[in-house]
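Asker: If you use this note's numbering, the sequence shown closes out at 126, no skipped numbers anywhere.
Before I ask anything, here is the structure I am working with.
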Amino acid sequence: MYLQWTLTTLMVICCLLQVRNFNRYHVKHRRQHEAAQTYLNSDVCADAITRAQLGTFNLCEKAEQIVNEQPSQTAFYEILNDWYPCGHGRCEGGLDWFWSKIHWFVLGLGGFGLLFYFKWVEHQRDMMFTKMSLPLLRAKIEHVD
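Right, dumping it as structure tokens:
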């Protein structure tokens, strides 16, 4: 009963947090959408000569991409990105951490390999000595008087 109540409470809290995040993302993307729309209507994007002179520094294509997506749709994708394990650059951060600590992983793996190797050698030595011992010493003989 307590487990069911706890899980239900946690699910409700999780849903409420997702609604809050959706609203935050929606406001952020709505502001970006309005700013991109204003930028597209400005002289920079309206004038073809100025747009061509900007070359690669032209932000009109990025503004067009922002305007083509609805803010609620983009906010929903942000929520999905929150739940994705590699969303918001988490995998890149994990790989950066791993590469900065790779020497510890190599040392640990090498130490474990040495431990495994020494135990294997000890086992082989015990097997060899067992085969070399006399059969009467290996057998358990009960003494009868």
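Every residue, glycine too, gets a C-beta built ideally from N, C-alpha and C.
Computed from a predicted structure; not experimentally measured.
1. Examine the ligand COA and report whether any of its heavy atoms sits within less than 8 Å of the Cβ of residue 7.
2. Can you tell me whether residue 26 is buried or exposed, with buried defined as 16 or more other CB within 10 angstroms of its CB?
3. When the Cα atoms are used, what is the spatial distance from residue -7 to residue 43?
4. Residue 81 by DSSP, collapsed to three states: which one?
5. Helix or strand or just coil, what does DSSP make of residue 65?
6. From the DSSP output, in three-state form, read off residue 51 for me.
7. Alpha carbon to alpha carbon, what distance is there between residue 75 and residue -12?
Answerer: With the given structure in hand:
1. Ligands displayed in this structure: none; no statement on the ligand COA is therefore possible.
2. buried
3. 37 Å
4. helix
5. coil
6. coil
7. 29 Å
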